[in-house]
Amino acid sequence: MSLGTFVQLIIQGINMGLIYALAALAVSLIWNASGLFNFSQGDLLTLGGYFMLTFTVVALKLPYWVGFALAIVVMGTMGFFLSRSYFYPMINQKLNPQLILIGTVALSVVIRNAILNIWGPSAQRFDNPFGSKPILIGDAIIMPYQIVNIVIVIILVVLLQLFLRKTVMGIAMRAVAQKPVVSSLMGIKVEQLVSYTFLLSTCLASIAGVLTGPILPLIPEMGSLLSIKAFAAVLIGGLGSFSGALVGGLIVGISEVLFSTFITSTYKDVFIFLMMMIILQIRPGGIFRIEISEKV
Amino acid sequence: MNKALKILKDNFIYLAFIVVGLLPVFGLPNYQFYIVERGMQNALVVLSLVILLGFTGQLSLGHAGLVAVGAYFYAITVKNYGFSPWISLILAPVVTGLVGMLLAIPSFKLRGPFLVVNTIAFGEIVRILILNAVDFTGGPFGLKGIKPLFSGVYLYYFMLVVVLIFAIVTLRINKSHIGLAFKAIRDDEVAAEIIGVDVKKYKLLSFVISSIFAGVSGVFFANLTGYLNPDSFTFEISSTYLLMVVMGGMTSTTGGFLSALLVTALPEVLRFLADYRMVIYGLILLIYIRFYKVLDIKKIFSKLNFKKGSEVVE
Chain A
114 MSLGTFVQLI IQGINMGLIY ALAALAVSLI WNASGLFNFS QGDLLTLGGY FMLTFTVVAL
174 KLPYWVGFAL AIVVMGTMGF FLSRSYFYPM INQKLNPQLI LIGTVALSVV IRNAILNIWG
234 PSAQRFDNPF GSKPILIGDA IIMPYQIVNI VIVIILVVLL QLFLRKTVMG IAMRAVAQKP
294 VVSSLMGIKV EQLVSYTFLL STCLASIAGV LTGPILPLIP EMGSLLSIKA FAAVLIGGLG
354 SFSGALVGGL IVGISEVLFS TFITSTYKDV FIFLMMMIIL QIRPGGIFRI EISEKV
Chain B
109 MNKALKILKD NFIYLAFIVV GLLPVFGLPN YQFYIVERGM QNALVVLSLV ILLGFTGQLS
169 LGHAGLVAVG AYFYAITVKN YGFSPWISLI LAPVVTGLVG MLLAIPSFKL RGPFLVVNTI
229 AFGEIVRILI LNAVDFTGGP FGLKGIKPLF SGVYLYYFML VVVLIFAIVT LRINKSHIGL
289 AFKAIRDDEV AAEIIGVDVK KYKLLSFVIS SIFAGVSGVF FANLTGYLNP DSFTFEISST
349 YLLMVVMGGM TSTTGGFLSA LLVTALPEVL RFLADYRMVI YGLILLIYIR FYKVLDIKKI
409 FSKLNFKKGS EVVE
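As you go down the protein sequences, you meet chains A and B in turn. Read in order, the letters of the first sequence correspond to residues 114 to 409 in our numbering. Read in order, the letters of the second sequence correspond to residues 109 to 422 in our numbering.
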């Protein structure tokens with residue numbers, strides 16, 4: 114095992130990890146805004162990928178970036194209206210958290226089967242414009258899309274941080290995450306904010322869905338396993354923490370690739386889940402533990 | 109008259125069982141009958157979740173994994189090692205109970221989404237292990253030709269009796285001191301500990317009882333289908349179980365039994381929609397949960413005064 118191959122594996126792991134991290138981030142954002150753990154995040158991600166497929170390959174044949182932007186817009190709008198018509202009313206009714214959770218599971222059943230009916234069960238791909246000519250750095254073989262994906266996610270994370278720290282809405286989102294009641298007393302419209310958080314999270318889902326394109330072929334069931342690993346990532350990192358989601362995603366992605374290369378790829382998922390269970394036993398709140406409000 | 113009505117209401121669960129027991133007499137077509145049988149088998153898992161989720165407040169999305177353990181243990185011991193089906197019927201729940209102990213460990217420290225994702229991971233681990241242990245389980249090809257306990261309608265009545273016994277057990281647990289301890293944990297863990305409930309012990313007990321129920325259900329699953337495949341024990345199946353419990357009102361034994369039959373039959377009833385049936389099925393659930401408060405099944409149930417536990421704390 115040379116250094117070059119190792120670097121190649123790490124980059125591969127980072128690529129996979131960033132997908133998990135984006136999904137984890139979306140779950141975290143919604144959890145902060147509304148205390149809802151969105152089990153349909155993986156299927157929203159798949160849906161984003163399929164929209165991209167429709168826009169660039171099947172129907173409209175748009176250029177890559179235009180299709181990308183359109184997918185984000187469509188998914189964002191969908192997230193907004195989903196929140197208005199479905200998620201917020203459930204939260205507002207003070208429904209049992211377990212019921213809300215099952216509500217998100219029901220949504221994932223609908224999305225997955227709708228995808229199956231509309232796009233069919235077979236695996237599909239859309240092209241990326243970055244070429245398939247590998248770049249050789251030493252003896253590390255790196256695909257162009259891997260670098261583009263990493264750059265896109267870095268830009269996205271910087272933009273998100275700026276949004277959360279510098280804009281009024283971002284600050285309001287963080288305020289709601291810390292003290293929901295007080296922030297509503299300070300004049301923050303919680304319903305609106307929850308809707309915008311959902312919009313943001315479905316946007317993230319569609320970006321992750323598009324970025325998954327070159328790594329995994331699109332199949333309707335893709336969301337299931339992706340989301341379970343994204344959940345592992347968000348819990349390892351710490352639910353509700355921004356950096357936690359990123360670090361958790363990278364840990365899951367990199368250890369997955371390393372485990373399947375050096376030990377066995379058959380049990381890589383088992384390894385990830387066991388790792389999550391052990392980490393949670395040692396640190397029940399995840400690595401970046403957000404202050405968990407517990408009664409004395 | 110009123111008194112007679114009250115007796116009827118109190119014993120509604122027995123009435124439900126008698127009606128279901130009379131079904132073979134009316135002679136249902138084979139496939140519909142099979143769906144009823146599957147509904148009974150699911151009812152056992154629902155009872156197991158009533159104890160775990162309804163009484164103790166621990167949400168599990170890994171119950172398909174427990175059912176798989178029961179089903180595969182039965183199938184492997186009977187088929188590969190020539191055990192008598194009856195011995196396997198007794199042993200399978202014991203083994204599932206032991207596995208359930210493992211599932212209980214995370215619940216000591218974790219709650220909410222943390223616990224749920226742990227149970228999902230448990231279910232996935234079981235599925236992946238089954239998928240890859242080809243020598244024992246047949247892997248993706250599955251296990252064929254599993255010897256059943258009984259054949260035909262006798263199996264149905266045996267299941268009916270077992271489900272009835274387990275339903276009565278659930279009702280008894282609900283009223284016993286164990287049930288009270290479970291509910292204390294559900295409503296407020298810290299307060300429960302202060303008044304002297306051994307939280308760890310009762311959580312473990314709840315998981316073990318729940319796993320035993322799921323294990324028996326797994327044995328019946330193997331009996332009914334005669335064929336096991338890892339695809340029957342996915343995360344989706346676990347969420348369907350959860351859904352049945354919620355539709356049944358979470359703490360209600362009768363409600364759980366009826367909703368298990370209903371939800372199992374729903375995709376079949378919707379079969380005329382062909383490819384779109386799963387979408388419509390999902391949409392029905394979506395609408396049901398969205399308007400849960402408006403429809404308020406529980407209020408209707410409490411008006412009818414069915415036998416059930418205390419109200420779920422919202």
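Ideal placement from N, C-alpha and C gives every residue a C-beta, glycine not left out.
Simplified DSSP state of residue i, which is helix, strand or coil
i	result
A:Q206	coil
A:I400	coil
B:G231	helix
A:Q274	helix
B:L257	coil
A:L195	helix
B:Q166	coil
A:L352	coil
B:L123	helix
B:I143	helix
A:L338	helix
B:L370	helix
B:L251	strand
B:V387	helix
B:A112	helix
B:L157	helix
First and last residue of the uninterrupted alpha helix (DSSP H) at residue i
i	result
A:A172	Looking at the DSSP string, A:A172 is not in any alpha helix (DSSP H), and its letter there is neither H nor E.
A:I255	First-last for A:I255: 253-255, but that is the beta strand (DSSP E), not the alpha helix (DSSP H).
A:I250	Premise fails: A:I250 lies in the beta strand (DSSP E), 248-250, not in any alpha helix (DSSP H).
B:D339	Where B:D339 is concerned, there is no enclosing alpha helix (DSSP H), given that its DSSP letter is neither H nor E.
A:F164	154-166
A:T374	355-375
A:N128	116-147
B:K217	193-217
A:I392	381-395
B:T185	171-187
B:T245	242-245
Sequence-distant residues of the same chain with beta carbon closer than 7 angstroms to residue i, five excluded per side
i	result
B:S346	L169, G170, H171, A172, G231
A:L122	V370, L371, T374
A:I392	I349
A:N241	Y177, Y258, G326, P327
B:A322	V153, S156, H171, L174, V175, G178, T204
Within-8 angstroms CB hit, residue i to chain E
i	result
A:Y163	Looking at the structure shown, chain E is missing, and the protein chains on hand are A and B.
Cβ-Cβ distance between residue i and residue j below 8 angstroms
i	j	result
B:S318	B:I159	yes
B:A229	A:A345	yes
B:V327	B:L197	yes
A:S308	A:T217	no
B:I293	B:K309	no
A:F119	A:L214	no
A:M417	B:P214	For chain A, the structure presents residues 114 to 409; residue 417 of chain A sits outside this window and is missing.
B:T362	B:G147	no
B:Q166	B:S314	yes
B:M352	B:S340	no
A:G161	A:A318	yes
A:I110	A:P293	There is no way to answer for residue 110 of chain A, as the model of chain A reaches only from 114 to 409.
A:I400	A:V360	yes
Sequence-distant residues of its chain with Cβ nearer than 8 angstroms to residue i (five each side left out)
i	result
A:K381	E369, F372, S373
A:A290	N145, A146, G353
A:L277	G283, I284, M286, R287, F355
B:F274	L152, L155, F321, V324
Neighbourhood of residue i by C-beta, 6 angstroms cutoff - its chain only, sequence neighbours within 5 removed
i	result
A:S314	A139, L142, I143
B:V269	none
A:V170	F239
A:V266	L131
A:F201	A small correction: the amino acid at residue 201 of chain A is Tyr; Phe does not occupy that position in the sequence shown. Result list for A:Y201: E304, V307, in chain order.
A:L157	T315, A318
Alpha helix (DSSP H) runs contained entirely in the segment 276-334 of chain A, provided each spans 4 or more residues: 281-291, 293-298, 303-325
Contained alpha helix (DSSP H) runs [length at least 4] in the segment 260-348 of chain B, N- to C-terminal order: 261-283, 285-295, 297-302, 307-333
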